[in-house]
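Here's the structure we're looking at; comments come further down.
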Amino acid sequence: MARPTRLTRAFYDRPTLEVCRDCLGKYLVYISPKGRLAARIVEVEGYIGENDPACHAASGPSKRNRHLYDKPGTAYLYLIYGSYYCLNFVTEKESFPAAVLLRAAEPVEGVEIMRRRTETVLPGSKLLSGPGRCCRSFGLTLEQNGYDMALEDSILYLEDRHDPKPEVEVSPRIGITKAADRLWRFYDRDSNAVSGPASFRRSGSARADR
DNA sequence: TATAGGATTGCC
DNA sequence: GCAATCCTATAG
Numbered sequence: 001m002a003r004p005t006r007l008t009r010a011f012y013d014r015p016t017l018e019v020c021r022d023c024l025g026k027y028l029v030y031i032s033p034k035g036r037l038a039a040r041i042v043e044v045e046g047y048i049g050e051n052d053p054a055c056h057a058a059s060g061p062s063k064r065n066r067h068l069y070d071k072p073g074t075a076y077l078y079l080i081y082g083s084y085y086c087l088n089f090v091t092e093k094e095s096f097p098a099a100v101l102l103r104a105a106e107p108v109e110g111v112e113i114m115r116r117r118t119e120t121v122l123p124g125s126k127l128l129s130g131p132g133r134c135c136r137s138f139g140l141t142l143e144q145n146g147y148d149m150a151l152e153d154s155i156l157y158l159e160d161r162h163d164p165k166p167e168v169e170v171s172p173r174i175g176i177t178k179a180a181d182r183l184w185r186f187y188d189r190d191s192n193a194v195s196g197p198a199s200f201r202r203s204g205s206a207r208a209d210r
């Protein structure tokens, strides 16, 4: 079996929707102060450029979104609703503001560390179900904002463990009001760690397809 | 300086 | 179903 390989800058330096699809089934690894954490990514969304009304760069550069304009492979984090952080992987060429939002993953290594960071009682499989939970369980904050994930010795990076490609489903992005028609959310059909109510998922939905 | 609102979560 | 919570962007 081939050993895991770190994803290099070339992985992020591509059209964002391609990166989105390819992120599914890859692993987020963080050599944290409390120990090594790893998780299999099962849900992401794309936010692409100043013409995407839902992208933080829709009104041009600002203090908050500045790292969206950094080189591909940069981590972009921000605070949402005064309570939670969200992690993005910056994509495409430098100065073009686009990123992949991490929405859900399956805990693989360091599950007890993740659990200790979480106040509410959650099933282990749901510790990373939601963008806020991903950052909380991993202990990621604005401290990691602007971090370069594509260096040889990065302590926060994506890894390919050469798993089989997951079955990918597509849907509108969650929680936004603008550009809600774009199908820029991607998730692993077979994972029970995908965020949101079951009605967001095609399979397992009690409602008939519209 | 004032204010509206958000790529969420968890409790009611 | 909705409040919590606080930073950011925008308006005055």
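Just so you know, we're using the working numbering here: the first sequence kicks off at 1 and counts up by one. Note that the Cβ used here is the ideal one computed from N, Cα and C, for glycine as well. Just so it is clear, the structure is predicted and the values come from calculations on it, not from any experiment.
Could you round the C-beta distance between L24 and D148 to whole angstroms and report it? I think they count as a contact, below 8 Å.
-> The Cβ separation is near 23 Å, so there is no contact.
Of all the alpha helix (DSSP H) runs that stay within the bounds of the segment 123-153, which reach a length of 4 or more residues?
-> 131-138
Going straight from the alpha carbon of A99 to that of T5, what length do you get?
-> 22 Å
Buried/exposed call for N51, threshold 16 Cβ in 10 Å = exposed
Strand pairing of P15, partner residues [DSSP] = According to DSSP, P15 bridges with nothing at all.
Which residues in the same chain as D13 place their Cβ atom closer than 6 Å to its Cβ, once the five residues preceding and following it in sequence are excluded?
-> P72
Confirm, please, whether the CB-CB distance from A2 to V42 is below 8 Å.
-> no
How would you label S191, buried or exposed, when you count the other beta carbons within 10 angstroms and need 16 or more for buried?
-> buried
Based on the DSSP output, what are the partners of P107 in its beta bridges?
-> A39
Leaving out the 5 sequence neighbours to the left and right, which residues in its chain are closer than 8 Å to A208 when beta-carbon positions are compared?
-> Any reading at A208 must be qualified, since the residue scores a pLDDT of 30, below 50, and its modelled position is unreliable; no value is offered.
Mark P107 as exposed unless 16 or more other C-beta atoms lie within 10 angstroms of its C-beta, in which case mark it buried.
-> buried
Contacting residues, own chain, Cβ-Cβ under 7 Å from A284 (five flanking each side not counted) = Outside the displayed span of the chain (1 to 210) sits residue 284, for which this structure offers no information.
Do Y27 and A10 come within 8 Å of each other at the CB atom, strictly closer than that value?
-> no
Hey, which unbroken runs of the beta strand (DSSP E) at 3 residues or more fall wholly within the segment 172-196?
-> If only complete runs of 3 or more residues are kept, the segment 172-196 shows the beta strand (DSSP E) at 185-188, in order along the chain.
From the DSSP output, in three-state form, read off R6 for me.
-> strand
So, helix, strand or coil for D160, using DSSP?
-> strand
Mark Y30 as exposed unless 16 or more other C-beta atoms lie within 10 angstroms of its C-beta, in which case mark it buried.
-> The residue is buried, with at least 16 neighbouring Cβ atoms inside 10 Å.
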